[in-house]
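J.: The structure's right below; bear with me while I get my questions together.
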Amino acid sequence: MPKIQLRHINVTRYILPLREGGSLPALADGDDGFKYVLKFRGAGHGVKALIAELIGGEIARILGLRTPELVFADLDERFGQSEPDEEIQDLLKGSQGLNLAMHYLDGSITFDPAVNTVDAETASRIVWLDSYLTNVDRTFRNTNMLIWHKELWLIDHGASLYFHHAFTDVEGHAKSPFAMIKDHVLLPQASELEKADEAFKKILNREVLSEIVNLIPDDWLHWEESDMSPEAIRKAYLDFLSIRLEHSAIFIKQANDARTSRV
């Protein structure tokens, strides 16, 4: 498998805010000529949301699920100086330096479970992923999926890996079920979780996960609330993901039980 790496772009123009959720992502131009949805280090949960987005998006991609390309995006200190909206101005000033962006899927539409259908295999793979990542944000209220060129694309994994907001008892969190899977928008169709588990365990292992975790820039791993080194924080993420993969039967059972109660 080729080495996992992300491209690096410079943000050349802030176009407009995408007022969805509390993180205020924005549409922006990159110096490579493409448009991106820019996620800011100065928003909401800060760099932890970017780390969750990076890990979640790259794991989804490795597993063959469609997700927009992620890039590191550098925001120059010029941005924010002429922005009339005070909230956005503060956000831009507080996000100078390295941020994360995803390729903008121009012309895409939001997945609507009342209109769009998903087969059992695809639904099971997505539910498995979100159970694994403890992603609380793929519900009927906010599906975080797009239809682009008649294909299903996953976006926004920033609410995943919520253990890192406390960062205690990594092993305990890794071995825990994921009760909030009961609210997953695709759970009713996810009848093949064991099949997804078998397929994904042939792809994921500690070596692959280590490559993904090692993508996290040191710049995002100096936390005011922790005296852990960047190396120690990366190891904690890797341990969580490796242990949770090994004990996937726990979150699969939780999802199957929740599905049985809903179907």
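Just so you know, we're using this note's numbering here: the sequence shown kicks off at 30 and counts up by one.
Where a beta carbon is used, it is the ideal one built from N, C-alpha and C, also for glycine.
Return the CA-CA distance between Phe269 and Pro217, expressed in angstroms with no decimal places.
T.: Position 240 of the sequence shown holds residue 269. Position 188 of the sequence shown holds residue 217. Roughly 27 angstroms between the two C-alpha positions.
J.: Anyone know if the C-beta pair for Glu221 and Glu150 falls short of 8 angstroms?
T.: Position 192 of the sequence shown holds residue 221. Position 121 of the sequence shown holds residue 150. Yes, the pair counts as a contact, with Cβ atoms nearer than the cut-off.
J.: In angstroms, rounded to a whole number, what distance separates the CA positions of Asp212 and Tyr191?
T.: Residue mapping note: residue 212 aligns to position 183 of the sequence shown, counting from 1. Residue mapping note: residue 191 aligns to position 162 of the sequence shown, counting from 1. Using only the alpha carbons, I get a separation of about 16 angstroms.
J.: Run through DSSP, which three-state label would Ile38 get?
T.: Along the sequence shown, read from residue 1 onward, the residue named residue 38 stands at position 9. Reduced to three states, the DSSP call for Ile38 is strand.
J.: Roughly how far, in whole angstroms, is the beta-carbon of Phe169 from the beta-carbon of Gln283, given that I think they are within contact range, below 8 angstroms?
T.: Position 140 of the sequence shown, counted from the start, is the residue given in the question as residue 169. Position 254 of the sequence shown, counted from the start, is the residue given in the question as residue 283. Not confirmed; about 19 angstroms, so no contact.
J.: Name the two residues that bound the continuous alpha helix (DSSP H) containing Glu254.
T.: Against the sequence shown, residue 254 aligns to sequence position 225. Run containing Glu254: none; DSSP gives neither H nor E here.
J.: Have a look at the DSSP bridge pairing and note the partners of Val100.
T.: If you number the sequence shown from 1, residue 100 lands on position 71. Answer by DSSP bridge pairing, in chain order: Arg36, Ala130.
J.: May I have a chain-ordered list of the alpha helix (DSSP H) segments no shorter than 4 residues that lie completely inside the stretch 139–168?
T.: Counting whole runs of 4 or more residues, the stretch 139–168 contains the alpha helix (DSSP H) stretches 149–162.
J.: Considering Asp268, what are the terminal residues of the beta strand (DSSP E) in which it resides?
T.: By 1-based counting over the sequence shown, the position of residue 268 is 239. Careful: Asp268 lies outside any beta strand (DSSP E), inside the alpha helix (DSSP H) at 259–275.
J.: Taking DSSP as the reference, what is the three-state secondary structure of Val214?
T.: In the sequence shown, the residue the question calls residue 214 occupies position 185. Three-state DSSP puts Val214 in coil, outside helix and strand.
J.: In angstroms, rounded to a whole number, what distance separates the CA positions of Ala152 and Val237?
T.: Start at 1 with the first residue of the sequence shown, and residue 152 comes out as number 123. Start at 1 with the first residue of the sequence shown, and residue 237 comes out as number 208. Each residue's Cα considered, the two are about 23 angstroms apart.
J.: Would you grab the beta carbon distance between Leu99 and Tyr43 for me? Rounded to a whole angstrom, and I think it's under 8 angstroms.
T.: Within the sequence shown, the letter at position 70 stands for residue 99. Within the sequence shown, the letter at position 14 stands for residue 43. Actually they do not touch by this definition, with Cβ atoms about 19 angstroms apart.
J.: Alpha carbon to alpha carbon, how far is Ile80 from Trp249? Give it in angstroms, no decimals.
T.: Counting from one through the sequence shown, the residue named residue 249 turns up at place 220. Counting from one through the sequence shown, the residue named residue 80 turns up at place 51. Distance between the alpha carbons of Trp249 and Ile80: 8 angstroms.
J.: With distances taken Cα to Cα, identify the nearest neighbour of His202 among Leu129, Val147, Ser277.
T.: Here residue 202 refers to the residue found at position 173 of the sequence shown. Of the candidates Leu129, Val147, Ser277, the one whose C-alpha sits nearest the C-alpha of His202 is Ser277.
J.: Could you check what DSSP says for Ile44 in three-state terms: helix, strand or coil?
T.: Within the sequence shown, the letter at position 15 stands for residue 44. Correct three-state label for Ile44: strand.
J.: Could you check if Leu104 is buried or exposed, using at least 16 other CB atoms within 10 Å of its CB as the buried criterion?
T.: Taking the first residue of the sequence shown as 1, we reach residue 104 at position 75. The residue is buried, with at least 16 neighbouring Cβ atoms inside 10 Å.
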